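Written out below as structure tokens is the structure these notes cover.
Numbering (UniProt numbering), first residue to last: 1 to 403.
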């Protein structure tokens, strides 16, 4: 790039580059390296093109595979199979919790080869820069929990929300909640004591994050009405979002799902009144809970729809379907009602799908970082390369303290 261009203009130009060439340009000059490595540049950088990450594996095996598809006019032709960092490969029974500002959050556990107690963890993964960090979850045996993940819109600080449900011994009902927040900037968990969700509210597992807010679908166990629980990632306050009566009073267990379409919250209703399920997509407009509108219905008579997993930037839903004992992914065109096969299929496959954009977050993190009880440790690379999966136990075997 010409030295005649002002450095501020050079900065604006390279900010528009994809992550891979951008990181290579760090070697061009000390000034560029200093710029790209700066916290301000990292926080401001956002990729322009959405990607769709598919995680799939056979129900009887734990061999997870990943495919990343560029979500533009070439969809689904431009795809790659990213090589996950070793921390991601170490994760067993993993699932994608959500994505925010280009980071994906996966949950699962590390298992010791000697069958010692499992270590439940969350993994923050930047697919674009091939970096990941692991966070040991504050699990308490006998008390189920719900997980949330999002990046603060203002500070770009990744946060994990851990909602532990205190269960009564006699009736097995929720009698209290403990909420803990992990912020990557501090590397530690801290408790949240004020403005907690009501004990009568039961969370559904899936969450979405939109414009700095986390959302969970939930049910009030007293009235049996459905609602949405929100969490402001910046102020760390919970709230409630009311649903339209037709959704709030839906008594069919498991008939509602939550997702996002571009920057809007959507609720997907499964109509079980018919033999072949029909999925109805409702969208909340402009963040107003009173403005839920019905967008379109999804119906495919030739295949059986098992679920709506994600939405493309264009608004087309990605579906999990089955036909002749084979499960596969398709994209659905709402107006023509046609489906297109994504070429990812097999028998008894479990899928999770999440959209993301490129980011520089985590690129400065060293490899094999594990956060546990306020301490940051680094897993020895020799152990990781040999895939001895469970040397991170209560004894912290093969860990080098890096505080």
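Ideal Cβ placement from N, Cα and C applies to all residues, glycine included. This one's a predicted model, so the numbers in the text were calculated from it and none came from an experiment.
Quick one: using the 10 Å Cβ neighbour count with 16 as the cut-off for buried, is residue i buried or exposed?
i           : result
residue 324 : exposed
residue 279 : buried
residue 382 : Per-residue confidence for residue 382 stands at a pLDDT of 38, beneath the threshold of 50, marking its modelled position as unreliable; no derived number is given.
residue 4   : exposed
residue 293 : exposed
residue 341 : exposed
residue 237 : exposed
residue 40  : exposed
residue 372 : buried
residue 368 : buried
residue 219 : buried
residue 84  : buried
residue 250 : buried
residue 73  : exposed
residue 6   : exposed
residue 36  : buried
residue 56  : buried
residue 128 : buried
residue 377 : buried
residue 158 : buried
residue 335 : exposed
residue 21  : exposed
residue 48  : exposed
residue 162 : buried
residue 54  : buried
residue 80  : exposed
residue 141 : exposed
residue 114 : With a pLDDT of 39 at residue 114, under the threshold of 50, the modelled position of this residue cannot be trusted; read the value that follows with caution. Exposed, because fewer than 16 other Cβ atoms sit within 10 Å of the Cβ of residue 114.
Cutting at 6 Å between CB atoms, please list the residues of its own chain near residue i, excluding the five before and the five after it.
i           : result
residue 78  : 70
residue 120 : 109, 137 and 139
residue 270 : 255, 277 and 279
residue 223 : none
residue 331 : 316, 318 and 340
residue 209 : 98, 100 and 150
residue 244 : 292
State the Cα-Cα distance for the pair residue i and residue j, rounded to the nearest angstrom.
i           : j           : result
residue 29  : residue 23  : 12 Å
residue 300 : residue 337 : 7 Å
residue 175 : residue 192 : 17 Å
residue 318 : residue 31  : 43 Å
residue 27  : residue 374 : 34 Å
residue 235 : residue 346 : 44 Å
residue 182 : residue 160 : 5 Å
residue 362 : residue 42  : 9 Å
residue 165 : residue 143 : 6 Å
residue 229 : residue 370 : 30 Å
residue 365 : residue 133 : 8 Å
residue 152 : residue 304 : 39 Å
residue 212 : residue 232 : 6 Å
residue 263 : residue 186 : 29 Å
residue 126 : residue 87  : 12 Å
residue 167 : residue 118 : 21 Å
residue 285 : residue 379 : 45 Å
residue 190 : residue 297 : 43 Å
residue 295 : residue 8   : 44 Å
residue 156 : residue 350 : 32 Å
residue 89  : residue 64  : 8 Å
residue 314 : residue 46  : 19 Å
residue 123 : residue 214 : 18 Å
residue 240 : residue 261 : 20 Å
residue 302 : residue 343 : 17 Å
residue 68  : residue 217 : 27 Å
residue 265 : residue 91  : 29 Å
residue 242 : residue 106 : 28 Å
Within its chain, find whatever has a CB closer than 8 Å to the CB of residue i; leave out the 5 residues flanking it on each side and keep chain order.
i           : result
residue 306 : 319, 320, 321, 322 and 327
residue 310 : 52, 259, 317, 318, 353, 354 and 355
residue 25  : 14, 17, 32 and 36
residue 44  : 15
Identify, in the order they occur along the chain, each residue of the same chain with its Cβ nearer than 7 Å to the Cβ of residue i, setting aside the five sequence neighbours on each side.
i           : result
residue 196 : 177, 179 and 238
residue 247 : 226, 256, 267, 269 and 282
residue 290 : none
Following a CB-centred definition, is residue i positioned closer than 7 Å to any heavy atom of the ligand MN?
i          : result
residue 89 : This structure lacks the ligand MN; in fact it carries no ligand of any kind.
_Inside the stretch 213-289 only - beta strand (DSSP E) runs reaching at least 3 residues_ = Qualifying beta strand (DSSP E) stretches, in chain order: 213-220, 226-232, 237-242, 256-261, 264-271 and 278-284.
*Does the stretch 201-209 come close enough to the stretch 141-149 to have 3 or more Cβ pairs within less than 8 Å?*
yes
*Hey, is the stretch 93-101 in contact with the stretch 348-358, meaning 3+ C-beta pairs nearer than 8 Å?*
Between the stretch 93-101 and the stretch 348-358, the count of C-beta pairs closer than 8 Å reaches three or more; the two stretches touch.
*Report the residue ranges of all beta strand (DSSP E) runs contained in full by the stretch 312-391; include only those spanning at least 3 residues, in chain order.*
317-323, 326-333, 338-346, 349-357, 369-372 and 375-379
*If you scan the stretch 14-49 from start to end, which runs of the alpha helix (DSSP H) of 4 or more residues do you find wholly inside it?*
19-24, 30-37 and 39-44
*Enumerate, from N- to C-terminal direction, the unbroken alpha helix (DSSP H) stretches of 4 or more residues contained entirely within the stretch 60-112.*
86-89
_Length-filtered (3 minimum) beta strand (DSSP E) runs lying within the stretch 128-191_ = 131-136, 145-151, 158-167 and 174-183
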